[in-house]
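S.K.:
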Amino acid sequence: MNLAEGLMNKDKRAAARLITMIESNDSEAISILSMLYKHTGRAHVIGITGPPGAGKSTLTDKLAKEIRKNGKTVGIIAVDPTSPFTGGSILGDRVRMTDLYTDSGVFIRSMGTRGHLGGLSKATLGAVKVLDIYGFDYIFIETVGVGQSEVDIVKAADTVLMVMVPGLGDDIQAIKAGIMEIGDLFAINKSDREGADRTKVEIEMMLDFNHSDWRPPVLQVVATENKGVDQLLEMLHKHRSYLENSGMLIKKRRKNSETEIIDLIQNSLMKRVIGDGNQLEIHKMAEAVALRQLDPYTASDKLIKKMINL
Amino acid sequence: MFEKGKLEQLKKSKSDWNEGKVEKTLSKFPERKQQFVTGSNEKVDRLYSPEEVGDLDYERDLGFPGEYPFTRGVQPTMYRGKFWTMRQYAGFATAEESNKRYKYLLEQGQTGLSVAFDLPTQIGYDSDHQLSEGEVGKVGVAIDSLKDMEILFDGIPLDKVSTSMTINAPASVLLAMYIAVGEKQGVSSDQLRGTIQNDILKEYIARGTYIFPTAPSMRLITDIFEFCSKDVPNWNTISISGYHIREAGSSAIQEVAFTLANGIAYVEAAVKAGLDVDTFAPRLSFFFNAHNDLLEEVAKFRAARRLWAKIMKERFDAKSPKSMQLKFHTQTGGSTLTAQQPENNIVRVAIQTLAAVLGGTQSLHTNSKDEALALPTEDSVRVALRTQQIVAHESGVAETIDPLAGSYYVESLTNSIEAGAMAYIEKIDLLGGAPEAIEKGYIQKEIMDSSYEYQKQVESNERIVVGMNKFQIKEEAPKGLLRVDPTVGELQKQKIRNIKAERNNTVVEEKLAKLKVAAEGTENLMPYIIDAVKEYATLGEICGVLREVFGEYQQSVIL
Amino acid sequence: MARPIRVLVAKPGLDGHDRGAKVIARALRDAGMEVIYTGLRQTPEQIVQAAIQEDVDVVALSILSGAHNHLLPKVVDLLKSEEVYDDMLVIGGGVIPDEDIQGLKESGLAGIFTPGTPTQVTIDFIKENLKREL
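Chains as they are written, first to last, in this note's numbering: chain E, 3 to 312; chain R, -18 to 540; chain D, -8 to 125.
What follows is the structure, given as structure tokens:
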């Protein structure tokens, strides 16, 4: 199978295989991405984040169905945590989306974090590019959803949707620092429950400190009953138009590209410095440092200089 | 029950014994393992004495059979009056074949029927639905319309038998068909006796044959409660089931806890719908599992009875003692059967039968030895039934009531299971009740943890399963297993085509349209469903209308 | 470092007994694999689409309804017609009578694991029989 050709021809097998290869940092896959990079940037990339149990997957499922009604296509990337002890994981977000499996206009991929922190896996950005090249109109990225550190999603998405549930109370206080700021939209799921209005007020109050041009809307939805999902989708569109019209989209993407380039440099330097070839030397140095025959600053400096000929 | 001074004295003697005699023996002959546990991984001590049950107050904690808190049994004479109902769950392929099996079982001395339905029926699909492909008649009988139900009970007078139907999501539809069959036989609905399982919460938790979301499912259930309290007064409207929770791998404590928590949710829903607790609570029944740890299982049944009585009295303010009685059916544990050396399963089932009887069950299904492999053959079903008959007539355990009461170990276990279950129920209350705890995946995760723990113990040989991880032999593949005729699906499809050609389709449409309007409103749906089944609307058509109005349940999976 | 083995654990058919599927999912996770769990009542079409999009190395099917002779070969056939069967190891588990096993293997299932099989046996089988490199 010619993967590049397959991907351009909307072959799901090619897309799936490329994502696997990117997860393994395969150089062939990287060169395909670099060759086809010009085809990216068209999709509306939406990050979906929020606490566990908020109903992110169900909401993703309903949004996808709403989008499909308009004949547009959807790629979904669902990230779940990898066990740091065994390296294994159970990726179960799909269970909420079974109706979409056989829809030709939908692609769902589950990813384990594989040791990466920040709510996404290292290969998530690459996977988004694959789906973008494939030509999906929308790409959803569902983050791990374990709380505070999920800021990576900002670097990957045009729009970040925060999913909340009523009755979080103190939790909102706790997560406001750092996390509330990343939301471009707030959806209070399970809004048929007690406390939904209070949660809305609490979030609105938090947002009063936000002084940018875009005031994040706070919507009440009941995903399981498909209530409010159409308005939510409309708001997602509004945000995208705002980004485009205000010039924020290009600004945002410029910033994200910068972060991406720096990340890539970091990764590849790291690989060169501490890669297989230097394992033995690092090991020896560590011993010397432990015995106080060498200090760690000099040791690391030496290795870096050796590798990049400074 | 014990004097304080004497207890103190005993405590001292026991610790002397432990430090003296026991230590001395241990120094030469260590015990088989460091720690002993029950079948559910609860710690077991070397010896139980009055010390462990020092707080026991006979009248408060045990009482007398037929009296609050019913620890010793729900009837005053128990099996001295009559034995438990021996009820073998059966049903396969077509209504015609199942009808034959029922007649055979009745001839063999069985005293009640228990109907197993195939999966399409349980999930509300007709045999000609795409998802029914390959499943028709496999794990039970296929019922598509009233026609099948008429054949199923042909020649079986419904005023003479009690019938238990393992049906949940579409319970209203099957009950409606049963009422209609009765009517055709000239048996009025107030003469019908039996049970429908009708327990949707445990379907979400463990068994998986759900259709509708929680709220409309609870409404269907309370509709049945209300309808039956007036029209089918001798019908047990629900069988709140711990059986499948246990099969999914729970511990004994979890089985009691999650079953009663579900029970609480049903009572709450009915009370909220405006029903008086004493009108429907006497018709609630329960369904438990019996596993191999004989004494733990006996204690489990006793603890469940006592805890439910307290819940009904204290939490729901029930006035009628009948509302406080936990009456239950038992099935021996399917997951305890081994595919290896299947003959050994007969012995397991015998132990489990003893547990159920010593625990005071009202009815019992004994599994057949070959059920780890396939549906049971007629021969193996007979042995399973004979096992019950031997326990009833030969073992002597049915001659007196609750004979294990007063055993220090059994009373101590009864106390600890009740306390453990109560702690879970409190936690579930904090989460907002059973439906909420299920949606959050809490109950499923607790069960999964127990189940995985058990699996690891078996794989590390910490726990021995005879014939499976110890005492294995080389075996030939078993022969003569029951096979369902693969043409059953075609047969059922043909029957549906015939029905649709024969019935008055305009009237069917009309009845279905009325049902739809009622479903969108708040009226009791039972009369509308009965009207529809009488016109031979199919199960799939009726459930289809309800699916349209209610939507479908989405599973919560937390691994 | 090689990537983790990816396994789709799916329940074709209508039965809701997922104890076995969940136990094996956890055991495979603890053996360092990435397990994609798809839930109950999956049609062969749904399973095959999930297997393709997730690009799994193994498709593990658990079934207790008795419809195995109908549904399991159907999954294999669809994988073949989608031209992904050569990359994917297909195994089955559940209450499956011995006399059916040979036929299922001939239809393309690499292994059938019946009740009582230690999870380690399944794990080893997967590791030894993968169809493509990690």
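C-beta atoms are modelled at their ideal positions from N, C-alpha and C, and glycine is treated no differently.
Decide if the region 233 to 250 of chain R is in contact with the region 168 to 177 of chain R; the criterion is three or more beta carbon pairs, one per stretch, under 8 angstroms apart.
M.R.: no
S.K.: Determine, using beta carbons only, whether D180 of chain R and I219 of chain R come nearer to each other than 8 angstroms.
M.R.: For the purposes of this step, residue 180 of chain R is taken as residue 199 along the second sequence, with counting starting at 1. For the purposes of this step, residue 219 of chain R is taken as residue 238 along the second sequence, with counting starting at 1. Their beta carbons are under 8 angstroms apart, which means D180 of chain R touches I219 of chain R by this criterion.
S.K.: Could you tell me the alpha carbon to alpha carbon distance between P345 of chain R and K(-13) of chain R, rounded to whole angstroms?
M.R.: The sequence position of residue 345 of chain R within the second sequence is 364, counting from 1. The sequence position of residue -13 of chain R within the second sequence is 6, counting from 1. Checking the displayed sequence, the identity of residue 345 of chain R turns out to be Leu instead of Pro. Each residue's Cα considered, the two are about 42 angstroms apart.
S.K.: Any idea which residues DSSP pairs N217 of chain R with across the strands?
M.R.: Walking along the second sequence from the start, residue 217 of chain R turns up at place 236. In the DSSP output, where bridge partners are listed per residue, N217 of chain R has R:T176.
S.K.: Can you tell me whether DSSP reads D212 of chain R as helix, strand or coil?
M.R.: On the second sequence, residue 212 of chain R is found 231 positions in, with the first residue counted as 1. Looking at D212 of chain R - three-state DSSP - the assignment turns out to be helix.
S.K.: Need the endpoints of the beta strand (DSSP E) that M146 of chain R sits in, please.
M.R.: One-based indexing of the second sequence puts residue 146 of chain R at position 165. Taken as a continuous stretch (DSSP letters only), the beta strand (DSSP E) holding M146 of chain R covers S143 to T147.
S.K.: Determine, for I82 of chain D, whether the minimum Cβ-Cβ distance to residues of chain E falls below 8 angstroms.
M.R.: Locating residue 82 of chain D in the third sequence gives position 91, where the first residue counts as 1. No, its Cβ sits nowhere closer than 8 angstroms to a Cβ of chain E.
S.K.: Just to confirm the assignment: which complete beta strand (DSSP E) runs, minimum length 3, are found wholly within the region 149 to 204 of chain R?
M.R.: 174 to 177
S.K.: Check whether the Cβ atoms of N191 of chain E and G57 of chain E sit closer than 8 angstroms, and answer yes or no.
M.R.: One-based indexing of the first sequence puts residue 191 of chain E at position 189. One-based indexing of the first sequence puts residue 57 of chain E at position 55. Cβ distance < 8 angstroms, so N191 of chain E and G57 of chain E count as in contact.
S.K.: Which residues, in chain order, does the region 51 to 80 of chain E contribute to contact with chain R at a C-beta distance below 7 angstroms?
M.R.: G55 and T60
S.K.: Taking the runs of the alpha helix (DSSP H) that are 4 residues or longer, which of them lie wholly in the region 253 to 284 of chain R?
M.R.: 258 to 261
S.K.: For H241 of chain E, which residues does DSSP report across the bridge?
M.R.: In the first sequence, the residue the question calls residue 241 of chain E occupies position 239. None, per the DSSP bridge assignment.
S.K.: Give me, in chain order, the residues of the same chain whose beta-carbon lies closer than 8 angstroms to that of I511 of chain R; leave out the 5 immediate sequence neighbours on both sides.
M.R.: Stepping through the second sequence from its first residue, residue 511 of chain R is reached at position 530. Cβ within range, chain order: A157, I160 and A161.
S.K.: Going by DSSP, what residues sit across from E32 of chain R in a beta bridge?
M.R.: As a position in the second sequence, residue 32 of chain R is number 51, starting the count at 1. Per DSSP, none; premise fails for E32 of chain R.
S.K.: So with Cβ pairs under 8 angstroms, would you call P194 of chain R a contact of chain E?
M.R.: For the purposes of this step, residue 194 of chain R is taken as the residue at position 213 of the second sequence. At least one chain E Cβ lies under 8 angstroms of P194 of chain R.
S.K.: So, at 6 angstroms on beta carbons, what are the nonlocal neighbours of K124 of chain E in its own chain, with the 5 sequence-adjacent residues on each side left out?
M.R.: Locating residue 124 of chain E in the first sequence gives position 122, where the first residue counts as 1. Excluding sequence positions up to five before and after K124 of chain E, its CB lies within less than 6 angstroms of the CB of H118, all in the same chain and listed in chain order.
S.K.: So is M79 of chain D in contact with chain E if we call contact Cβ pairs under 8 angstroms?
M.R.: Position 88 of the third sequence, counted from the first residue, corresponds to residue 79 of chain D. Not one chain E Cβ lies under 8 angstroms of M79 of chain D.
S.K.: Using a beta-carbon distance cut-off of less than 7 angstroms, what residues from the region 309 to 337 of chain R approach chain D?
M.R.: T319, A320 and Q321
S.K.: State yes or no: is the C-beta of I398 of chain R nearer than 7 angstroms to some heavy atom of the ligand SAH?
M.R.: Of ligands this structure carries none, so the ligand SAH is not represented either.
S.K.: So which of R:Q535, R:L462, R:E443 and R:I523 has the shortest CA-CA distance to Q16 of chain R?
M.R.: The count along the second sequence starts at 1 and reaches residue 16 of chain R at position 35. The residue among R:Q535, R:L462, R:E443 and R:I523 with its C-alpha nearest the C-alpha of Q16 of chain R is R:E443.
S.K.: Could you check which residue in R:T147, R:G167 and R:E77 has the C-alpha nearest to that of K128 of chain R?
M.R.: Walking along the second sequence from the start, residue 128 of chain R turns up at place 147. Here the closest residue by C-alpha is R:E77.
S.K.: Given D38 of chain R, which residues of its chain have a CB within under 7 angstroms of its CB, disregarding the five upstream and five downstream residues?
M.R.: One-based indexing of the second sequence puts residue 38 of chain R at position 57. For D38 of chain R, same chain residues with a beta-carbon under 7 angstroms away, outside a window of 5 residues either side, are M(-18) in chain order.
S.K.: Beta carbon of T145 of chain E, beta carbon of D21 of chain D: below 8 angstroms?
M.R.: The residue given as residue 145 of chain E occupies position 143 in the first sequence. The residue given as residue 21 of chain D occupies position 30 in the third sequence. No, the pair does not count as a contact, with Cβ atoms beyond the cut-off.
S.K.: Hey, A271 of chain R and E278 of chain R: beta-carbon distance below 8 angstroms or not?
M.R.: In the second sequence, counting from the first residue as 1, residue 271 of chain R sits at position 290. In the second sequence, counting from the first residue as 1, residue 278 of chain R sits at position 297. Yes.
S.K.: Helix, strand or coil: how does DSSP classify K437 of chain R here?
M.R.: Start at 1 with the first residue of the second sequence, and residue 437 of chain R comes out as number 456. Look at K437 of chain R here: in three-state DSSP terms it is helix.
S.K.: Just the C-alpha distance for R498 of chain R and G255 of chain R, rounded to the nearest angstrom, thanks.
M.R.: Here the question's residue 498 of chain R lines up with position 517 in the second sequence. Here the question's residue 255 of chain R lines up with position 274 in the second sequence. According to the sequence provided, residue 498 of chain R is Val. The question's Arg does not apply to it. Cα-Cα distance, rounded: 22 angstroms.
S.K.: From K122 of chain D to D89 of chain D, what does the alpha carbon distance come to, in whole angstroms?
M.R.: Here residue 122 of chain D refers to the residue found at position 131 of the third sequence. Here residue 89 of chain D refers to the residue found at position 98 of the third sequence. So the alpha carbons of these two residues sit roughly 25 angstroms apart.
S.K.: List, in chain order, every chain D residue whose beta-carbon is nearer than 8 angstroms to that of F109 of chain E.
M.R.: Position 107 of the first sequence, counting from 1, holds the residue named residue 109 of chain E. Those within 8 angstroms of F109 of chain E in chain D are Q44.
S.K.: List the residues of chain E whose Cβ lies closer than 9 angstroms to the Cβ of K421 of chain R, in chain order.
M.R.: Here the question's residue 421 of chain R lines up with position 440 in the second sequence. Correct list: G55.
S.K.: If you scan the region 283 to 355 of chain R from start to end, which runs of the beta strand (DSSP E) of 3 or more residues do you find wholly inside it?
M.R.: 309 to 313 and 344 to 346
S.K.: Taking 8 angstroms as the threshold, find out whether the region 312 to 326 of chain R comes into contact with the region 56 to 63 of chain R through three or more Cβ pairs.
M.R.: Cβ pair count under 8 angstroms is below three, so no.
S.K.: Starting from T29 of chain D, find everything on chain E with Cβ-Cβ shorter than 9 angstroms and list it in chain order.
M.R.: Position 38 of the third sequence, counting from 1, holds the residue named residue 29 of chain D. Result: G94, R96, V97, T100 and Y103.
S.K.: Any chance you could list the alpha helix (DSSP H) runs of at least 4 consecutive residues sitting entirely within the region 243 to 286 of chain E, in chain order?
M.R.: 250 to 276
S.K.: Let's see if you can read the secondary structure: which residues bound the alpha helix (DSSP H) around A70 of chain D?
M.R.: As a position in the third sequence, residue 70 of chain D is number 79, starting the count at 1. Correcting the residue type first, residue 70 of chain D is Leu in the shown sequence and not Ala. For L70 of chain D, the uninterrupted alpha helix (DSSP H) segment begins and ends at H59 to S72.
S.K.: How far does the alpha helix (DSSP H) with Q103 of chain R in it reach, from first residue to last?
M.R.: Looking up residue 103 of chain R in the second sequence gives position 122. Its alpha helix (DSSP H) spans residues L100 to Q103.
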